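Numbering (this note's numbering), first residue to last: 132 to 315.
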Amino acid sequence: MGQPILLLVTDQDRVLEALASDVGRRFGAEYRILVERSPVAALATLERLAAQSEEVALLIAAQRMREMTGVDFIVRAHELRDMLTRMGIPHGWYLADSQAGRELLQEAGQDGSRLPVVVFHSGRVFVDPSNAELAEGLGFGTQPAAAAYDLVIVGAGPAGLAAAVYAASEGLQTLVVEPRVVGG
């Protein structure tokens, strides 16, 4: 058995090409990317992979294929993982249907019917948390500390951080707002 598989499904060739390219760039190091152009072909692929005991991690379907739903939690799980990575917070990543994932869910008192689940070493459990809930659980504030600021900078990239340092050094009450990483 190799890497987990991302199975991309849509009947629109251009969308499938773009999706495969984007997903491959983002997740190609961790997953094998397979593509199918119809739900029937995707189900046949799933049957073949199941017979080979392969682990399929994700199905992505075009909106027109209503019969293939229920993968929003994977997208959200990746968003949470990206957030933790950007913040430099060590974390593990477990698929709910893996042995380690099932054990962790059981220890957390969860049955896996609602995902993603974030479990802290302290024992706190968050089921499909918002970024704000996760930030608060990690001890970060999500509300501005002061009632008024002289300068609000949106974005904590190099330019935003440089502007914030200069503004603060001039004595301005400065707030940096960063939508992807808490504590900006």
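Positions of the beta carbon are idealized from the N, C-alpha and C atoms, including for glycine. All values derive from a computational prediction rather than experimental measurement.
Could you tell me the boundaries of the alpha helix (DSSP H) in which residue i lies?
{"i": "residue 167", "result": "It is not in any alpha helix (DSSP H) - residue 167 instead sits in the beta strand (DSSP E) that spans 163–167."}
{"i": "residue 176", "result": "170–182"}
{"i": "residue 258", "result": "Element bounds for residue 258: not the alpha helix (DSSP H) but the beta strand (DSSP E), 256–258."}
{"i": "residue 154", "result": "144–158"}
What is the rounded straight-line gap between the Cα of residue i and the Cα of residue j?
{"i": "residue 150", "j": "residue 269", "result": "33 Å"}
{"i": "residue 160", "j": "residue 152", "result": "13 Å"}
{"i": "residue 195", "j": "residue 166", "result": "The predicted position of residue 195 is uncertain, since its pLDDT is 42 and thus under 50; a value taken from the coordinates is nonetheless stated next. Rounded to whole angstroms, residue 195 to residue 166 spans 16 Å at the Cα level."}
{"i": "residue 218", "j": "residue 178", "result": "39 Å"}
{"i": "residue 288", "j": "residue 309", "result": "9 Å"}
{"i": "residue 291", "j": "residue 284", "result": "6 Å"}
{"i": "residue 89", "j": "residue 232", "result": "With the chain covering only 132 through 315, there is no way to say anything about residue 89."}
Is the Cβ-Cβ distance between residue i and residue j less than 8 Å?
{"i": "residue 211", "j": "residue 173", "result": "no"}
{"i": "residue 134", "j": "residue 157", "result": "no"}
{"i": "residue 318", "j": "residue 247", "result": "Summary: the structure shown does not reach residue 318, with the chain confined to residues 132 through 315, and so no result is reported for it."}
Throw me the rounded Cβ distance for the residue i and residue j pair, which I believe falls under 8 Å.
{"i": "residue 258", "j": "residue 245", "result": "5 Å"}
Within the continuous beta strand (DSSP E) that includes residue i, where are the two ends?
{"i": "residue 139", "result": "136–140"}
Cα-Cα, which of the options is closest to residue i?
{"i": "residue 254", "options": "182, 145 and 239", "result": "239"}
{"i": "residue 279", "options": "297, 301 and 305", "result": "305"}
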